[in-house]
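Trainee: The opening position of the sequence shown corresponds to residue 1 in the numbering used here, with each subsequent residue numbered one higher. For every residue, glycine included, the Cβ atom is placed at its ideal position computed from N, Cα and C. Here the structure is a predicted model, which is why all the values come from computation and not from measurement.
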Amino acid sequence: MKMDNLTQYDFKGTLKNEALKYNFNLTDEQLTMFENYKNLLLEWNEKINLTAITDEYEIILKHFIDCLECTKYINENENIIDVGTGAGFPGIVIAIYFNNKVKITLVDALNKRILFLEEVVKRLGLKNINIIHGRAEELAHNTEYRETYNIVVSRAVANLTTLLEFDVGFLKVNGRCLFLKGDNVKEEINNAKNALKILKCDIENIYNYNYEVNNEIYSRNILQIIKKDIISSKYPRNFGKIKKSPL
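(1) Would you give the residue range spanned by the alpha helix (DSSP H) that residue 200 belongs to?
(2) Compute the beta-carbon to beta-carbon distance between residue 104 and residue 91, rounded to the nearest angstrom, for a pair I have assumed lies under 8 Å.
(3) In angstroms with no decimal places, state the Cα-to-Cα distance between residue 194 and residue 247.
(4) Could you round the C-beta distance between residue 168 and residue 228 to whole angstroms and report it? I think they count as a contact, below 8 Å.
(5) Measure the C-alpha to C-alpha separation of residue 236 and residue 52 and round it to an integer number of angstroms.
(6) Between the beta-carbon of residue 152 and the beta-carbon of residue 83, is there less than 8 Å?
(7) Look at the Cβ atom of residue 102, then the Cβ atom of residue 78, and state whether they are nearer than 8 Å.
(8) Can you look up residue 66 in the DSSP assignment and give me helix, strand or coil?
(9) Okay, do the stretch 48-65 and the stretch 199-218 touch, 3+ Cβ pairs below 8 Å being the bar?
(10) When the Cα atoms are used, what is the spatial distance from residue 154 to residue 220?
(11) Quick check: the stretch 113-123 against the stretch 138-152, are there 3 or more CB pairs under 8 Å?
(12) If we count the other Cβ atoms within 10 Å of its Cβ and call it buried at 16 or more, is residue 88 buried or exposed?
(13) Please give the ranges of any alpha helix (DSSP H) in the stretch 105-187, keeping only runs that are unbroken, at least 4 residues long and fully inside the region.
(14) Three-state secondary structure (DSSP) at residue 12?
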């Protein structure tokens, strides 16, 4: 199903119906926020590269529904950091869903995206959101952010080995990673065995879900990983070392 010129005007109705299929009963307020978010995404995407997905129905499934899935494993009042948030996926989606009942920090290295995120937060009236312009491997050594968060989320940022090194330093002991991954997650896990050991992490669960767009099935996974102990202060290393010598 592709959005056409008639159905695009019922964005909220389409989103509501699709969300119900995945057990998300969105309120009118949430639906309006998602519509405004979509409008800003498409408006800004004409000026800066935020997403290759511009069809409204695909935005509903590939961005909003996909990111909503991770909210099933988040509780109210948790302190969350979204590393490499890009256009706000999944951090802004989490914020809309919980409607100010979680604390969220959004991190991105590109200032243009930071300006977009600030506009989204302002226009949607979102609270309890901190937006930081910076590189994860540097921020994770800052005492203000290191071992501060209950949950770190990342989507479409890097392979699991690299992602773990970027993200784990932000977590408290017994904090959790929620990584949104594609269908090659088992291969990524196999390649990340050493990184998991060095960074004191265990895989707790792999949550699989699927959605269909234009008769194509997308197999997705949320990888839940727990940090079992404090890690060495040398991690994460600088980006050059991470890239040259993966754990």
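Mentor: Once the coordinates are examined:
(1) Position 200 of the sequence shown, counted from the first residue, corresponds to residue 200. No alpha helix (DSSP H) contains residue 200, which DSSP labels as neither H nor E.
(2) For the purposes of this step, residue 104 is taken as residue 104 along the sequence shown, with counting starting at 1. For the purposes of this step, residue 91 is taken as residue 91 along the sequence shown, with counting starting at 1. Confirmed, Cβ separation roughly 5 Å.
(3) Counted from its first residue, the sequence shown places residue 194 at position 194. Counted from its first residue, the sequence shown places residue 247 at position 247. Distance between the alpha carbons of residue 194 and residue 247 is about 6 Å.
(4) Here residue 168 is taken as the residue at index 168 of the sequence shown, counted from 1. Here residue 228 is taken as the residue at index 228 of the sequence shown, counted from 1. Between residue 228 and residue 168 the Cβ distance is about 10 Å, and since that is not below 8 Å, they are no contact.
(5) Counted from its first residue, the sequence shown places residue 236 at position 236. Counted from its first residue, the sequence shown places residue 52 at position 52. Distance between residue 236 and residue 52, taken at the CA atoms: about 30 Å.
(6) For the purposes of this step, residue 152 is taken as the residue at position 152 of the sequence shown. For the purposes of this step, residue 83 is taken as the residue at position 83 of the sequence shown. Yes, the pair counts as a contact, with Cβ atoms nearer than the cut-off.
(7) Within the sequence shown, numbered from 1, the residue matching residue 102 stands at position 102. Within the sequence shown, numbered from 1, the residue matching residue 78 stands at position 78. With contacts defined as CB atoms closer than 8 Å, residue 102 and residue 78 qualify as a contacting pair.
(8) As a first step, residue 66 must be located in the sequence shown, where it is residue number 66. Residue 66 falls in the helix class under three-state DSSP.
(9) yes
(10) For the purposes of this step, residue 154 is identified with residue 154 of the sequence shown, where counting begins at 1. For the purposes of this step, residue 220 is identified with residue 220 of the sequence shown, where counting begins at 1. About 14 Å.
(11) no
(12) What you label residue 88 is simply residue 88 of the sequence shown in a count that begins at 1. Buried.
(13) Runs of the alpha helix (DSSP H) inside the stretch 105-187: 111-124, 136-139, 160-167.
(14) The residue given as residue 12 occupies position 12 in the sequence shown. Residue 12: helix per DSSP, three-state reduction.
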